[in-house]
Amino acid sequence: MSELTPPTSRENKREITNSKRRAAVADRRAARPFTLWREVLVAYLAPALMAGAGGFASGQAGLTLAAFTSIAGTSAVVALLIGSWLQRRAGSRPWTTALPRIMVAAILAVGAAVIAGLVGWFASRWLPGHTSVVDTAWLARLQFDLPISAAVAAVIVSWRWRGAQRAHSRRT
24 MSELTPPTSR
34 ENKREITNSK
44 RRAAVADRRA
54 ARPFTLWREV
64 LVAYLAPALM
74 AGAGGFASGQ
84 AGLTLAAFTS
94 IAGTSAVVAL
104 LIGSWLQRRA
114 GSRPWTTALP
124 RIMVAAILAV
134 GAAVIAGLVG
144 WFASRWLPGH
154 TSVVDTAWLA
164 RLQFDLPISA
174 AVAAVIVSWR
184 WRGAQRAHSR
194 RT
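Heads up: the sequence shown is residues 24 to 195, going by this note's numbering.
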């Protein structure tokens, strides 16, 4: 046999490839460390490109503008806040590692959505009446854009963080 091909064995006249090499690649992917700047960058780019493409395809200029401002901006800010909190403080909070991964993601998503919803409500209701900010359509969008973006970012960041924690604990 050549050293370039993976080892094979013959069973019932069929050639079976040894899957050790594939398992090593899968372990390397699962063991990627949690890198906050990369998570924040993806948290901005993914919704900006997806919502921007949707706004462009449907001819909604408001959605295209919101994609790169309130939607993606909220997502990046929430990813930064939750990601940095998880990196710094989660070790002292045993529920972040004791609860199932989906529960941690759900708790953080609901919390982020509630806070972002209150910020959106405040911005859309209070700002036009008490400041020189004009009541426009983009202010009304904030009530929906902010909580949805915050919840999605919280789920993705917490899910990735827990995956990195699990991979780190398997290695040690």
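Positions of the beta carbon are idealized from the N, C-alpha and C atoms, including for glycine.
Decide if residue i is buried, meaning its Cβ has at least 16 other Cβ atoms within 10 Å, or exposed.
i	result
W118	exposed
D77	Checking the sequence, you will find Gly at residue 77 rather than Asp. By the neighbour-count rule (16 or more Cβ atoms within 10 Å), G77 is not buried but exposed.
T58	exposed
A84	exposed
G82	exposed
L64	exposed
A187	buried
I105	buried
A121	exposed
A80	exposed
Helix, strand or coil for residue i, going by three-state DSSP, please let me know.
i	result
R55	coil
G21	With the chain running from 24 to 195 in the structure shown, residue 21 is simply not present.
R116	coil
T92	helix
T97	helix
L122	coil
V157	coil
G82	coil
Leaving out the 5 sequence neighbours to the left and right, which residues in its chain are closer than 8 Å to residue i when beta-carbon positions are compared?
i	result
V137	P170
A128	A177, V178, S181, W182 and R185
A160	G85
Apart from the five residues on each side of it in sequence, which residues of its chain come closer than 7 Å, Cβ to Cβ, to residue i?
i	result
W144	Q166
A174	A132, A135 and A136
A146	L162 and L165
G75	T87, A90 and F91
P56	A187
V142	L169
Give the C-beta separation of residue i and residue j to the nearest angstrom, bearing in mind that I take them to be a contact with Cβ-Cβ under 8 Å.
i	j	result
S172	I94	5 Å
F91	A69	With 8 Å as the limit, F91 and A69 do not qualify as a contact, their Cβ atoms being about 12 Å apart.
Excluding five sequence neighbours on each side, which residues of the same chain lie with their C-beta closer than 6 Å to the C-beta of residue i?
i	result
A66	S98, A99, A102 and A176
L109	W184
M126	none
R116	none
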